[in-house]
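For reference, the structure discussed in these notes is given below.
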Amino acid sequence: MKIAAIGGGVIGGGWIARFILSGHDVAVHDPHPEAQRIVGEVLANATRAWEKLFQAPLPRPGRILWAGSLAEAVRDADYIQESVPERLELKHRIIAEIEAAAPGTALIGSSTSGFKPSELRQGARHPARILVAHPFNPVYLLPVVEVVGGGEAAGRACEILAAVGMKPVRIAREIDAHIGDRLLEAVWREALWLVHDGIATTEEIDDIIRFGFGLRWAQMGLFETYRIAGGEAGMRHFLGQFGPALKWPWTKLMEVPDLDEALIDRIAGQSDAQSGRHSIRELERIRDDNLVGIFQALKANDWGVGQTVRAQEDGFYARAPTPATGYPLRIHQARVTGGWVDYNGHMTEFRYLQVLGDATDAFLIHIGLDADYRAQGRSAYTVETHIRHLAEVRAGELLTVETRLLGHDAKRFRLHHAILRKDGTEVATGEHMLLHVDTGEGRAIPMPSALLEALDRVAAQDGAPHPDHAGAGIRPIRQKEATA
Ligand SMILES: NC(=O)C1=CN([C@@H]2O[C@H](COP(=O)(O)OP(=O)(O)OC[C@H]3O[C@@H](n4cnc5c(N)ncnc54)[C@H](O)[C@@H]3O)[C@@H](O)[C@H]2O)C=CC1
Ligand SMILES: C[N+](C)(C)CC(=O)CC(=O)[O-]
Numbered sequence: 070m071k072i073a074a075i076g077g078g079v080i081g082g083g084w085i086a087r088f089i090l091s092g093h094d095v096a097v098h099d100p101h102p103e104a105q106r107i108v109g110e111v112l113a114n115a116t117r118a119w120e121k122l123f124q125a126p127l128p129r130p131g132r133i134l135w136a137g138s139l140a141e142a143v144r145d146a147d148y149i150q151e152s153v154p155e156r157l158e159l160k161h162r163i164i165a166e167i168e169a170a171a172p173g174t175a176l177i178g179s180s181t182s183g184f185k186p187s188e189l190r191q192g193a194r195h196p197a198r199i200l201v202a203h204p205f206n207p208v209y210l211l212p213v214v215e216v217v218g219g220g221e222a223a224g225r226a227c228e229i230l231a232a233v234g235m236k237p238v239r240i241a242r243e244i245d246a247h248i249g250d251r252l253l254e255a256v257w258r259e260a261l262w263l264v265h266d267g268i269a270t271t272e273e274i275d276d277i278i279r280f281g282f283g284l285r286w287a288q289m290g291l292f293e294t295y296r297i298a299g300g301e302a303g304m305r306h307f308l309g310q311f312g313p314a315l316k317w318p319w320t321k322l323m324e325v326p327d328l329d330e331a332l333i334d335r336i337a338g339q340s341d342a343q344s345g346r347h348s349i350r351e352l353e354r355i356r357d358d359n360l361v362g363i364f365q366a367l368k369a370n371d372w373g374v375g376q377t378v379r380a381q382e383d384g385f386y387a388r389a390p391t392p393a394t395g396y397p398l399r400i401h402q403a404r405v406t407g408g409w410v411d412y413n414g415h416m417t418e419f420r421y422l423q424v425l426g427d428a429t430d431a432f433l434i435h436i437g438l439d440a441d442y443r444a445q446g447r448s449a450y451t452v453e454t455h456i457r458h459l460a461e462v463r464a465g466e467l468l469t470v471e472t473r474l475l476g477h478d479a480k481r482f483r484l485h486h487a488i489l490r491k492d493g494t495e496v497a498t499g500e501h502m503l504l505h506v507d508t509g510e511g512r513a514i515p516m517p518s519a520l521l522e523a524l525d526r527v528a529a530q531d532g533a534p535h536p537d538h539a540g541a542g543i544r545p546i547r548q549k550e551a552t553a
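For the sequence shown, our numbering assigns the number 70 to the initial residue and increments by one for each residue that follows.
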């Protein structure tokens with residue numbers, strides 16, 4: 070799949086980062102003299118965010134192929150994302166240039182916030198392949214993309230976008246500004262009035278959003294939230310109670326405050342007071358870290374955007390290179406996310422156990438003790454664990470686990486895991502005793518021959534002496550040492 074990006078500003082840069090981090094090379098054209106620096110900085114922030122967000126091994130990133138001309142960028146592209154400034158005559162010119170140089174089958178997605186496909190398609194040679202693919206900033210994290218313009222081309226575009234972790238929402242009928250920006254514009258217009266009329270500052274308005282309904286919107290949106298707000302009687306009761314207020318009306322939705330110098334000065338001044346101590350790139354990183362935390366919380370709850378993250382991770386695992394054969398077994402890897410780091414700035418202690426537990430699960434699958442096996446009412450329970458914490462681990466590091474089988478009998482097996490950094494440093498070891506159990510009866514039972522044979526095969530590879538610490542407990546503190 071050949072991807073081209075025309076325009077590498079705020080949104081183009083975000084698209085480029087998403088495609089690159091998903092493993093695609095991207096041909097980019099942007100005549101801005103500092104385009105390479107700007108895109109490079111966006112990509113650096115995006116990489117940092119992805120390393121914190123995902124626990125699965127990330128794909129090998131693609132490359133940015135800088136093109137001196139638009140024609141060179143789109144020459145052999147399958148999908149082209151246009152993200153030039155929001156001016157219709159410029160978009161028409163860019164689309165005409167793309168059509169003159171790109172293969173006839175290439176899809177053209179436009180990031181436009183407001184124009185309809187019918188407007189973008191005016192004068193086009195192959196109008197049906199021109200679509201709106203409107204994302205939200207930051208494109209490398211927020212999955213939703215509004216796809217407007219029907220037909221087979223929209224279906225193909227949705228497949229391409231879903232494959233890089235987006236959630237395409239197809240909009241049945243074109244309207245100015247699609248859906249998201251209609252809603253945002255209503256809120257923005259109202260907020261401008263509140264500042265204009267001296268009711269609230271930019272910071273007070275932002276606080277009401279971020280300490281209040283903004284938190285609800287990240288996980289349930291508008292209608293599901295209001296359903297709950299109707300109490301046990303739900304949506305009907307909510308509409309009955311609060312619907313009439315819409316006619317009073319509280320808002321000034323269709324009027325626009327004059328964005329004169331005085332109002333611009335006031336808003337810009339208040340915004341400087343609120344956030345001016347941070348550079349834009351710093352603010353991006355703060356925003357990204359917060360988004361990553363929200364995404365991870367929603368992943369733990371298997372809800373909303375958390376499901377998108379999980380599906381993306383499943384895809385990364387499926388594409389990950391098969392673990393190297395050989396012994397000790399290397400069948401589990403984990404990436405340390407920002408949420409795993411504690412107040413000391415390194416991986417918190419229980420995450421070591423998580424990595425070790427996940428490595429044990431990978432071993433169970435390796436010997437055939439998988440979900441199908443467990444469905445028969447048999448499983449393995451860990452009954453003893455000894456962890457040694459040997460080195461600090463920072464966010465973003467990729468950990469590999471080496472697993473040995475130190476012994477087994479009919480009902481038990483003893484595992485040793487070593488958690489290694491990329492450079493081979495041992496950061497922790499774990500030793501674990503597991504019992505094979507009948508989960509219905511809650512008691513240990515002998516393993517069937519298939520499992521025992523699988524364990525025998527692994528044990529046959531384990532010729533090396535056991536590590537010195539194997540079988541040892543925590544060293545006692547002798548009185549002499551304690552008083553020294
Ligand atoms: N900024 C935002 O929050 C969002 C913007 N959008 C849409 O994305 C599009 C781009 O907006 P931004 O990225 O915000 O603008 P921007 O001003 O940050 O970036 C536009 C880029 O296009 C480049 N450019 C100008 N002429 C060009 C040409 N002839 N060929 C190639 N590149 C050219 C500029 O050098 C610049 O880097 C617009 O259609 C906008 O409506 C969509 C979602 C959100
Ligand atoms: C301000 N904007 C209209 C360009 C915003 C968008 O299009 C979407 C977003 O990211 O908020």
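Think of the CB as a built atom: it goes at the ideal place given N, C-alpha and C, for glycine as much as any other residue.
Residue burial classification, residue i (beta-carbon count within 10 angstroms, cutoff 16)
i	result
H505	buried
V325	exposed
M323	exposed
Q402	buried
D411	exposed
E461	exposed
T508	exposed
E168	buried
G408	buried
K549	exposed
R198	buried
R87	buried
T494	exposed
R420	buried
A428	buried
H93	buried
Run of the beta strand (DSSP E) containing residue i, from where it starts to where it stops
i	result
A403	398-404
G499	495-507
P237	236-240
E609	Nothing in the structure corresponds to residue 609, since the chain is present only between 70 and 553.
G178	176-179
Q150	148-151
A533	Here A533 belongs to no beta strand (DSSP E), and DSSP marks it neither H nor E.
I40	What the structure shows of the chain is the stretch from 70 to 553, and residue 40 is not part of that stretch, so it cannot be assessed.
L134	133-135
Where the alpha helix (DSSP H) through residue i begins and ends
i	result
Q339	330-344
R527	Reading the sequence as shown, one finds Val at residue 527 and not Arg. 518-530 is the span of the alpha helix (DSSP H), which, as asked, contains V527.
H347	Taken as a continuous stretch (DSSP letters only), H347 belongs to no alpha helix (DSSP H), as it is neither H nor E.
E120	104-122
A440	440-443
Y386	374-388
V233	Looking at the DSSP string, V233 is not in any alpha helix (DSSP H), and its letter there is neither H nor E.
L322	Careful: L322 lies outside any alpha helix (DSSP H) and carries neither H nor E.
Own chain partners of residue i with C-beta closer than 7 Å, once the 5 adjacent residues on each side are dropped
i	result
W135	V97, Q105
L261	P326
H247	V201, H203, E215, V217, I240
R258	L322, V325
H306	G299, G300
V111	G82, G83, A86
Cβ-heavy atom distance, residue i to ligand 4, below 7 Å
i	result
S182	As far as ligands go, the structure on display features ligand 1 and ligand 2 and does not contain ligand 4.
Own chain partners of residue i with C-beta closer than 8 Å, once the 5 adjacent residues on each side are dropped
i	result
R483	L474, L475, G476, H477, E500, H501, M502, L503
P310	In the sequence on display, residue 310 carries Gln and not Pro. Correct list, in chain order: G299.
L127	L90, W119, E120, F385, R404
I436	L520, A523, L524, V527
R285	T294
G375	F364, Q365, A366, L367, K368, A369
R129	G92
Cut-off 6 Å between Cβ atoms - residues of its own chain near residue i, not counting five sequence neighbours on either side
i	result
Q381	G234
P196	R190
E353	N114
E120	G465
P207	G83
Residues bridged to residue i (per DSSP)
i	result
E453	M502
R483	G476, M502
L489	T469, E495
I85	I85 pairs with nothing; no bridge assigned.
H93	Partner(s): none; H93 has no beta bridge.
L200	G178
R447	D507
Review point. With a cut-off of 8 Å, do at least 3 Cβ pairs link the stretch 151-162 to the stretch 71-81?
Key: Output reads yes: the stretch 71-81 touches the stretch 151-162.
Review point. Would you call the stretch 156-173 and the stretch 129-145 touching, i.e. three or more CB-CB distances under 8 Å?
Key: Yes: the two stretches touch, three or more of their Cβ pairs being nearer than 8 Å.
Review point. Is there contact between the stretch 339-348 and the stretch 265-283, where contact requires at least three CB pairs shorter than 8 Å?
Key: Touching, yes, given that three or more Cβ pairs across the two stretches are closer than 8 Å.
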